[in-house]
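Okay, structure first, notes after.
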Amino acid sequence: AQKITQTQPGMFVQEKEAVTLDCTYDTSDPSYGLFWYKQPSSGEMIFLIYQGSYDQQNATEGRYSLNFQKARKSANLVISASQLGDSAMYFCAMRERSFGNEKLTFGTGTRLTIIP
Amino acid sequence: GAVVSQHPSWVICKSGTSVKIECRSLDFQATTMFWYRQFPKQSLMLMATSNEGSKATYEQGVEKDKFLINHASLTLSTLTVTSAHPEDSSFYICSATPGLAGGNEQFFGPGTRLTVL
Numbered sequence: 043a044q045k046i047t048q049t050q051p052g053m054f055v056q057e058k059e060a061v062t063l064d065c066t067y068d069t070s071d072p073s074y075g076l077f078w079y080k081q082p083s084s085g086e087m088i089f090l091i092y093q094g095s096y097d098q099q100n101a102t103e104g105r106y107s108l109n110f111q112k113a114r115k116s117a118n119l120v121i122s123a124s125q126l127g128d129s130a131m132y133f134c135a136m137r138e139r140s141f142g143n144e145k146l147t148f149g150t151g152t153r154l155t156i157i158p
Numbered sequence: 010g011a012v013v014s015q016h017p018s019w020v021i022c023k024s025g026t027s028v029k030i031e032c033r034s035l036d037f038q039a040t041t042m043f044w045y046r047q048f049p050k051q052s053l054m055l056m057a058t059s060n061e062g063s064k065a066t067y068e069q070g071v072e073k074d075k076f077l078i079n080h081a082s083l084t085l086s087t088l089t090v091t092s093a094h095p096e097d098s099s100f101y102i103c104s105a106t107p108g109l110a111g112g113n114e115q116f117f118g119p120g121t122r123l124t125v126l
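Listed in order, the protein sequences are those of chains A and B.
So the first sequence is residues 43 to 158, counted in my numbering.
So the second sequence is residues 10 to 126, counted in my numbering.
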């Protein structure tokens, strides 16, 4: 069963507009963490934002915010005032414990293209 | 943030040869390192988890005899693709975590692009 679901394979957004990238997750573990990473064409994984399952407030990091709706098991990434440099693949990931190790499971990603 | 390096950044090899990829944590000690594989236009798939000084834990479907992982020190893990074939061509990414003391965050290396001819 898919543990992390990103339903938007691709998105096109006008520069300076806000954009929301969807992510839903499935876990029975009460303690987990949710991450968003950006992967430009060069390939490196750039950490954007983190939300812990027990965090009361939505995480924010500069232009990035995470809309965490625990009951709906969703963790959408919101990018405000998009810039051309935001064009990249975006991956949602969940950290959970498995056989004593903590591991990350990634979604299939969303390719975001910012249009000038 | 913490820095993780990978070497080489890209490699081209002939079918049947073995290729070693290094992953180093440059400014922290990594209790655990992870190896991922990413095929073009696909997501990262965890291959194995390695703890320093112990055998790696491989994910289902990953051949441990083909993808040899060694985590001999707290700053270095290596992935050796043995008898590589064209279907092993992929982008290999490692990550490292300092463990509970460092919040268990994973820091990613820049990746190694392997092309097997």
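Just so it is clear, CB atoms sit at the ideal spot from N, CA and C, and this is done for glycine as well.
> Under 8 Å between C-beta atoms, does Met87 of chain A make it to chain B?
Replying inline: yes
>> Within a Cβ cutoff of 7 Å, which residues of the same chain sit near Gly108 of chain B, ignoring the five residues on either side of it in sequence?
In response: Thr40, Thr41
> From the beta carbon of Lys115 of chain A, is the nearest beta carbon of chain B less than 8 Å away?
Replying inline: no
>> Counting C-beta neighbours from all protein chains within 10 Å, is the total for Gly151 of chain A 16 or more, i.e. buried, or is it exposed?
In response: buried
> So, does the CB of Phe8 of chain B fall closer than 8 Å to a CB anywhere in chain A?
Replying inline: In this structure chain B extends from 10 to 126, so residue 8 of chain B is not present and cannot be described.
>> Once DSSP output is grouped into helix, strand and coil, what is the label at Glu96 of chain B?
In response: helix
>> Among the candidates A:Trp78, A:Pro72, A:Gln50, A:Arg153, whose CA atom is the shortest distance from the CA of Ala135 of chain A?
In response: A:Trp78
> Near Phe117 of chain B, which residues of its chain fall below 7 Å by C-beta distance, leaving aside the five closest residues on each side in sequence?
Replying inline: Val13, Ile102, Ser104
> If you draw a straight line from the alpha carbon of Gly104 of chain A to that of Pro49 of chain B, how long is it in whole angstroms?
Replying inline: 30 Å
> Can you tell me the Cα-Cα spacing of Leu53 of chain B and Thr62 of chain A, whole angstroms?
Replying inline: 22 Å
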